[in-house]
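Written out below as structure tokens is the structure these notes cover.
Numbering (this note's numbering), first residue to last: 16 to 397.
Structure, rendered in structure tokens:
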């Protein structure tokens, strides 16, 4: 029987405002029954860095600077494009509302669903924007993902996510573009417990896991060093990572309607299910192995942005996140695509899950950085 890291000796409790609960082992509650997550959203983000009271004027100023700095270039900014709601809607806004000249970048790590491919093609054609696609060496991604399955850690998306951001950052340098516009947003992502995973940008942790469980060298896999991620790109290259959706009243359902009407965009279901791998990872692996249902965090974020009621969120949470027959088909596909023995794959699920900290990591650096941010405001940008 699997021993879940979220199983700790404390009574079950659920937040009385959002729907976060003790599946986050580090959660705490105040005397009103509000959890630390939604309290932080209310006190730190709301009307400040998220939907700020002067959000329109701040965004206008940012866009003017982007146009000014990029006036001599073919492109004035880079946007990532996955085919999901957030990145698709951002692409629409960037062209139709902001009047910018973006280069869209898609990183193909081998797991695109047919819907994602359809959406990307429609967006690029209808918005008349250039698309740069980088296909990651599949044998190396395959080997790295097998290593993560064998390691049994929570964040199985690291091999994809680390490559995505590395390619995006390095493309800004090669094309002399200073602005990366991201679809990341607090409206649907303000709440995500740290205990449920680990930073995808921790290259030391990635290398340590691969060293133990990998079978081939990572000669071509794109990787971002500590120096590049926290010093070179933000300070020397002066790359600015901007999240425009945080300056507007971003509503996910309204965005979907716009995308369907204007771009013939297709809906794929829950958040991040545009990737066949991520769908299986979030909807089956995490709940089965660790007891983490990421829908709980996404829905809680949307409660705090007034996009869904707590009652409707709870109702959505009790619906199956995965059709069982579809799950079996996807799992067979994953086993075959990863070229991993089905028995070994099954045995990995029987072993006790591991915490990322059992492998070398950058936790000491992250703790020092968090402390430094309190005294050195300029560090808050990274």
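Idealized CB from N, CA, C, for every residue including glycine. Just so you know, these numbers come straight off a predicted model, no measurement behind them.
Buried or exposed by the 16-neighbour rule on C-beta atoms within 10 Å, applied to residue i
i, result
"residue 333", "exposed"
"residue 98", "buried"
"residue 179", "buried"
"residue 282", "exposed"
"residue 100", "buried"
"residue 264", "exposed"
"residue 109", "buried"
"residue 140", "exposed"
"residue 177", "buried"
"residue 106", "buried"
"residue 144", "buried"
"residue 214", "buried"
"residue 269", "exposed"
"residue 301", "buried"
"residue 205", "buried"
"residue 387", "exposed"
"residue 322", "buried"
"residue 68", "exposed"
"residue 251", "exposed"
"residue 32", "buried"
"residue 278", "buried"
"residue 396", "Residue confidence for residue 396 is low, a pLDDT of 45 falling below 50, so the modelled location carries little weight; the figure read from the coordinates is stated next. Result: exposed."
"residue 22", "Reliability of the predicted coordinates at residue 22 is poor, the pLDDT of 46 falling under 50, and no value is obtained from them."
Contact under 9 Å by Cβ, residue i with residue j
i, j, result
"residue 48", "residue 193", "no"
"residue 398", "residue 212", "Not covered by the structure: residue 398. The range shown for the chain is 16 to 397."
"residue 164", "residue 363", "yes"
"residue 305", "residue 261", "no"
"residue 221", "residue 173", "yes"
"residue 76", "residue 308", "no"
"residue 291", "residue 348", "yes"
"residue 218", "residue 78", "no"
"residue 169", "residue 331", "no"
"residue 316", "residue 56", "yes"
"residue 223", "residue 375", "yes"
"residue 81", "residue 120", "no"
"residue 74", "residue 186", "no"
"residue 41", "residue 209", "yes"
"residue 203", "residue 320", "yes"
"residue 259", "residue 196", "yes"
"residue 70", "residue 162", "no"
"residue 280", "residue 342", "no"
"residue 351", "residue 254", "no"
"residue 50", "residue 43", "yes"
"residue 190", "residue 88", "yes"
"residue 159", "residue 236", "yes"
"residue 216", "residue 244", "yes"
"residue 314", "residue 34", "yes"
"residue 171", "residue 126", "no"
Heavy atom of the ligand ZN within 8 Å of residue i beta-carbon
i, result
"residue 92", "Although the ligand ZN was asked about, the structure shown includes no ligands whatsoever."
When the options are compared against residue i, the one with the closest alpha-carbon
i, options, result
"residue 115", "131, 380, 91, 30", "91"
"residue 150", "123, 161, 229, 343", "123"
"residue 166", "139, 238, 368", "368"
"residue 238", "181, 104, 72, 310", "181"
"residue 311", "320, 328, 319", "328"
"residue 275", "134, 234, 245", "134"
"residue 111", "138, 351, 386", "138"
"residue 183", "146, 154, 361", "146"
"residue 128", "233, 27, 340, 293", "293"
"residue 344", "299, 234, 142, 72", "299"
"residue 15", "64, 231, 387", "No answer is possible for residue 15: the residues shown for the chain start at 16 and end at 397."
"residue 131", "103, 303, 32, 142", "103"
"residue 241", "326, 339, 313, 384", "384"
"residue 365", "303, 314, 346, 372", "303"
"residue 227", "72, 25, 28, 373", "373"
"residue 336", "136, 207, 297, 359", "297"
"residue 207", "360, 382, 36, 26", "36"
Bridge-paired residues (DSSP) for residue i
i, result
"residue 255", "194"
"residue 313", "Its beta-bridge partners do not exist; DSSP assigns none."
"residue 94", "119, 196"
"residue 290", "127"
"residue 44", "50"
"residue 146", "119"
"residue 36", "29"
- Starting from the N-terminal side, write out each stretch of the beta strand (DSSP E) that is 3 residues or longer and does not extend beyond the region 220–246. none
- Considering only residues of the region 46–118, which uninterrupted beta strand (DSSP E) runs meet the minimum length of 3 residues and lie entirely inside it, listed in chain order? 92–95
- Task: Could you name each continuous alpha helix (DSSP H) segment of 4 residues or more that falls completely within the region 338–369, going from the start of the chain to the end?
- Result: 339–353, 357–365
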